[in-house]
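A quick write-up on the structure given underneath.
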Amino acid sequence: MDNMGFLFAANAFVWGGIIYYVYTLKQRNRALEKDLDLLKETLSKEG
Amino acid sequence: MMNPDEVEEKQEEGNILVWLTGSAWLAAIIGIFIYAPTERTEGLIQRIMYFHIPCAWLSFFAFFVVFICSILFLWKKDREWDIYAHASAEIGVIFCSLVLITGPIWARPIWGAWWVWDSRLTSTLILWIIYVAYLMLRAQSDAGSMRARYAAVLGIVGFLDIPLIHFSVLWWRSFHPQPKVITSEGIGKGMDPSMLATLGVSLCAFTLLYFLLMGERVRQEKLKDEIDRLKREKLYSS
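Going line by line, the protein sequences match chains X and U.
With the working numbering applied, the first sequence covers 460 to 506.
With the working numbering applied, the second sequence covers 371 to 608.
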């Protein structure tokens, strides 16, 4: 097969890059949602 | 704040977009690896085109959104436009990075070199540097309208590089192939119809992905704003 390694490498970078970005985006959003809930809870307790 | 009905409606829209994007990606993968024929001179490596061109399209589209939103922000002074510009710039940089990675991987077996200081490659690298600087400016300086204003100006100026990238292969001698999709003879005249169809599906899949990523990235900025607002409220009330 001609240049199969190069094709594989390009695919790996594209897929890897997209999956990593989506994963970090989801993680960051989840952490922020948790912070927001905590903050709201603290504020409601303080009245 | 949105009411529960609005939240549910938004979630439903988000789910439809996820399904559409997933289906488009599946169709694109089938097209790239099964349906599209192998190119005669370059062989299998030419299939990188179905990722390389959509990544370039997506980054140009993302920077176009930055350009429009930056103009609207400077005009209307509405934080909403600044959020969209920031989110789009980040996505644009990610996909511009993928262009600069997949390009050399394609070039190595075809040109015999990973990189040449050719007009198209150099102007694309400059575009990437401009928008990395844009993100650094946003990350380094204090939050506020001045930061947003400086970023908006950089977002507008940076976009001017894109027409230069497009026309560079026509204006100067270049290693990079001439445009094959939009040519002087018409759209897609320089390509096999099955290759053109596969590229079209791949372009759709990447465009849908852009809207999906934008939704998540914009939500992130809005969550940050909400946290800041509540912290300020708490500070002033105590």
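The beta-carbon is built from N, C-alpha and C at its ideal position, and this holds for glycine as well.
Chain X places a beta carbon closer than 8 Å to that of GLY413/U, counting this residue as a contact. Listed along the chain, the chain U residues whose CB falls inside 8 Å of the CB of GLU500/X amount to none; the nearest CB is some 11 Å away. Any Cβ of chain U closer than 8 Å to the Cβ of ASP494/X would place that residue at the interface, and such an atom is present. When the Cα atoms are used, LEU530/U and LYS499/X turn out to be separated by approximately 44 Å. For ILE478/X, the uninterrupted alpha helix (DSSP H) run begins and ends at 463–505, by DSSP.
Under a 10 Å Cβ-count criterion, ILE386/U is classified as exposed, with fewer than 16 other Cβ atoms of the shown protein chains found around its own Cβ. For THR472/U, the neighbours in chain X by C-beta distance under 7 Å run, in chain order, ALA469, PHE472, VAL473. Distances from the CA of MET506/U to each of SER489/U, GLY525/U, SER493/U were compared; the closest alpha carbon is that of GLY525/U.
In this structure, DSSP gives GLY482/U a state outside helix and strand, which the three-state scheme calls coil. Contact between TRP476/U and ALA469/X holds: their C-beta atoms lie close to 7 Å from each other, under 8 Å. Rounded to the nearest whole angstrom, the CA to CA distance from ILE418/U to ASP562/U is 16 Å. When DSSP assignments are scanned along the region 426–493 of chain U, no uninterrupted stretch of beta strand (DSSP E) that is 3 or more residues long falls wholly within it. A straight line joining the alpha-carbon of ARG449/U with that of CYS439/U spans about 10 Å. GLU555/U carries a coil assignment under DSSP once its states are collapsed to helix, strand and coil. Residues of the region 480–491 of chain X with a Cβ closer than 8 Å to any Cβ of chain U, in chain order: TYR480, VAL481, LEU484, LYS485, ARG487, ASN488, LEU491. Under the three-pair Cβ rule at 8 Å, the region 493–508 of chain U counts as touching the region 448–468 of chain U. Burial is judged here by how many other beta carbons sit within 10 angstroms of a residue's own beta carbon; PHE433/U has at least 16 and is buried. For PRO547/U, not one C-beta of chain X is nearer than 8 Å to its own C-beta. Under the three-state reduction of DSSP output, GLU412/U falls in the coil class, being neither helix nor strand. With the rule of 3 Cβ pairs closer than 8 Å, the region 533–544 of chain U counts as touching the region 480–495 of chain U.
DSSP, read as helix, strand or coil, puts SER564/U in helix.
If you draw a straight line from the Cα of VAL527/U to the Cα of VAL436/U, it comes to about 11 Å. Non-local beta-carbon contacts of VAL539/U in its own chain, meaning distances under 8 Å to residues more than five positions away in sequence, involve SER489, ARG490, HIS546, PRO547, GLN548, PRO549 in chain order.
Around the CB of PRO407/U, fewer than 16 other CB atoms lie within 10 Å, so the residue is classed as exposed.
Following the DSSP letters along the chain, one finds SER515/U inside the alpha helix (DSSP H) bounded by residues 515–529. If the five residues before and after SER429/U are omitted, its C-beta is found closer than 7 Å to the C-beta atoms of GLY462, PHE465, CYS466, VAL469, all from its own chain and listed in chain order.
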